[in-house]
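These notes are about the structure you will find just below.
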Amino acid sequence: MRPVRILVFAKAPLPGRVKTRLMPALGAEGAAALAKRMLELALAQALAADIGPVELCMSPAPDAPAWAGIPLPAGIETSDQGEGDLGERMARAARRVIGRGEAVLLTGTDCPELNAARLAEAARQLDSHDAVLYPALDGGYPLLGLNAFDPGLFCDMPWSTAAVARLTLERMAGLHWRVWTGETLRDIDEPADLAHLPRALAQGPGAQS
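In this text, residue positions in the sequence shown follow this note's numbering: the first is 1, and each later residue adds one.
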């Protein structure tokens with residue numbers, strides 16, 4: 001089985017910079033606090049999956065003051081997302097990892113349902129597929145796994161729209177790739193999503209259960 005690396009993309013959880021769509025419900029401080037808890041959960045689940053290295057792709061860079069005072073678990077590697085839109089940043093990271101002989105699972109921190117078991121299943125499916133994808137209810141995807149790189153998966157993509165997962169699957173079909181699609185999962189992005197927030201995350205000022 002090819003080595004699999006989990007890349008977790010995250011912004012520093014600063015008030016007013018993250019989870020801005022949740023600010024009407026939680027306020028800037030509450031949204032940032034939830035973003036921090038979701039980051040902690042995503043990294044914990046990635047480590048618990050025990051499928052290979054876990055790398056946090058950070059924005060801004062790991063040595064930026066924004067990350068001061070935000071502890072990371074032992075064993076987490078770090079890197080800078082760099083410049084560009086989401087597609088450019090993801091493409092650059094995926095190309096780097098695949099170019100050195102590893103498969104890659106690209107994830108974020110918005111989907112508490114993307115647990116260790118689902119990460120491990122995605123890695124298992126990559127052993128017999130060119131790509132794997134968990135779609136999200138909002139039309140995006142919380143995980144994209146790749147054994148091969150093609151820039152067309154990331155270029156001219158209408159990010160943050162309901163078309164992202166569909167277009168990604170269509171483009172992979174055009175490449176004649178073998179693709180495994182997992183169950184549809186829920187991101188926590190909008191105030192209405194807070195009703196589905198796991199109890200373990202619904203802690204702290206302004207959070208809802």
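All residues carry an ideal CB built from backbone N, CA and C; glycine is no exception.
Contiguous beta strand (DSSP E) assignments of at least 3 residues, all confined to the segment 42-103: 54-59 and 76-80
Spatial neighbours of Asn-115 in its chain, beta-carbon cut-off 7 Å, leaving aside the 5 residues before and after: Gln-45
Span separating the alpha-carbon of Ala-163 from that of Gly-139: 6 Å
For the beta strand (DSSP E) containing Leu-144, name the first residue and the last one. 143-146
DSSP three-state call for Ala-162: helix, strand or coil? coil
Exposed unless 16 or more other CB atoms sit within 10 angstroms - verdict on Ser-59: buried
Kindly indicate the opening and closing residues of the beta strand (DSSP E) around Leu-119. Where Leu-119 is concerned, there is no enclosing beta strand (DSSP E), although the alpha helix (DSSP H) it sits in stretches over 116-126.
Ala-131 lies in the beta strand (DSSP E); which residues open and close that run? 131-134
Assess contact between the segment 105-113 and the segment 31-45, defined as three or more Cβ pairs (one per stretch) separated by less than 8 Å. Is contact present? yes
Please name the residue in Met-172, Thr-181 and Leu-137 whose C-alpha comes closest to that of His-196. Leu-137
Using C-beta distances below 8 Å, list every residue in its chain close to Thr-168, excluding the 5 sequence neighbours before and after it, in chain order. Leu-133, Tyr-141, Leu-144, Leu-153 and Met-157
Taking 8 Å as the threshold, find out whether the segment 116-126 comes into contact with the segment 87-97 through three or more Cβ pairs. no
Quick one: grab the DSSP three-state call for Lys-11. strand
Taking all protein chains shown into account, do 16 or more other C-beta atoms lie within 10 angstroms of the C-beta of Ala-131, making it buried, or fewer, making it exposed? buried
CB-CB under 6 Å to Gln-70, same chain, minus the five flanking residues each way: which ones, in chain order? Looking at the sequence provided, one finds Ile at residue 70 rather than Gln. Hits under 6 Å: none found.
When DSSP labels each residue in this structure, what does Leu-185 get in the three-state scheme? strand
Minimum C-alpha distance to Ala-12 - residue among Ile-6, Thr-20 and Arg-5: Thr-20
Confirm, please, whether the CB-CB distance from Glu-40 to Arg-5 is below 8 Å. no
Sheet register partners of Thr-107 (DSSP bridge): Val-8 and Leu-143
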